[in-house]
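Using my numbering, you'd call the opening residue of the sequence shown number 2 and step up by one each time. Just below is one structure, and these are the notes that go with it.
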Amino acid sequence: MPSETTTAQPGDLLPEAWYKGKTINIDQMEQRIKMKNIVIFGAPGSGKGTQSDKLIEHYGLEHISTGDVLRSEIKKGSELGKTAQQYIDQGQLIPDELMVSILAKVYDGFGRGHKGVIFDGFPRTIPQAEALKQMLSERGDKVAAMLELDVPEDELMKRLLLRGQQSGRADDNEETIKKRLVVYHSQTQPLIEWYKQEGLHHHINGLGELDRIFQDICSVVDTL
Ligand code: AP5
Ligand code: MG
């Protein structure tokens, strides 16, 4: 008697109903299951950008830094840049609706074949986390892990003041750093609990040698 089940082969098309009304093949399905979408999370100066660079190199992931996107718009002098500058100079967050619309555009710009995206500096509020979850689920994707880089506040201040002297990032001055930290504690830190409830939170000690921190990150990412 012939078996009722068949083994799908790479390149086979899967029935429409298997994947939210879209026909995709086994290779694409496998790709999406393994996709490492990672939220790299932490206070200003915690090392999100630094560790993202290492993750990109090691795992070949894509990267969205909302801060970098905004700074590049400011440099171009676009309307978005002009709006963003007013908030950034005050250490405040850009309104959620604006950030969410930017994020979806950048994400879709990576196409469908990527190995995963590092979200650096996004989400920063609970509505942004909900919007990210929704945006990814509409595309059949999800966040695989949230990595919280935990660094004491005196170290954050030290790092950012040093960077302010070296690279002259406009928001790296004592007054604005203090405001950014207040905003972090009031609007962004509650996301730790939110991601714990999602079962996605991983704590990383972000103080110390770059390579040791990266090893700790890898030991999580390798399990995804
Ligand atoms: P953003 O650009 O994201 O800035 P941030 O969150 O304040 O974080 P930083 O980029 O300053 O720090 P980082 O964690 O990346 O650390 P880094 O690796 O650079 O956002 C800027 C602004 O844009 C926001 O204030 C807001 O106005 C707006 N914005 C952005 N996203 C938004 C959103 N989603 N919604 C609304 N508004 C948004 O490291 C810092 C320094 O420390 C570097 O000099 C580095 O070399 C050094 N360093 C790193 N690791 C170590 C280590 N282990 N030991 C010693 N030094 C280290
Ligand atoms: Mg950064």
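In this text, a Cβ means the ideal position worked out from N, Cα and C, and glycines have one as well.
Report yes if the C-beta of residue i is less than 8 Å from at least one heavy atom of ligand 2; otherwise report no.
i: D155; result: no
Using the Cα positions of residue i and residue j, report the straight-line distance between them to the nearest angstrom.
i: G209; j: I193; result: 21 Å
i: G43; j: L157; result: 10 Å
i: D97; j: E131; result: 11 Å
i: E78; j: T84; result: Note that residue 78 is Gly in the sequence shown, not Glu. The alpha-carbon atoms of G78 and T84 are separated by roughly 10 Å.
i: V107; j: V118; result: 10 Å
i: R164; j: N174; result: 9 Å
i: I103; j: I57; result: 21 Å
So, with DSSP's three-state summary, where would you put residue i?
i: A85; result: helix
i: P3; result: A caution first: P3 carries a pLDDT of 45, below 50, which makes its placement in the model unreliable, though a value can still be read off. Of the three classes helix, strand and coil, the one that applies to P3 here is coil, per DSSP.
i: A18; result: Residue confidence for A18 is low, a pLDDT of 46 falling below 50, so the modelled location carries little weight and cannot support an answer.
i: E149; result: strand
i: V144; result: coil
i: D172; result: coil
i: F215; result: helix
i: D155; result: helix
i: G43; result: strand
Are there any heavy atoms of ligand 1 lying less than 8 Å away from the beta-carbon of residue i, as far as the coordinates show?
i: A130; result: no
i: Q190; result: no
i: K147; result: In the sequence as displayed, the identity of residue 147 is Met instead of Lys. It does not: the Cβ of M147 is nowhere closer than 8 Å to a heavy atom of ligand 1.
Would you be able to state if there are at least three C-beta pairs under 8 Å between the segment 61–74 and the segment 108–125?
yes
At what residue ranges does the segment 50–115 contain a whole run of the beta strand (DSSP E), taking only runs of 3 or more?
63–66
Mind pulling the beta strand (DSSP E) runs of 3 or more residues that sit fully within the segment 174–212?
202–206
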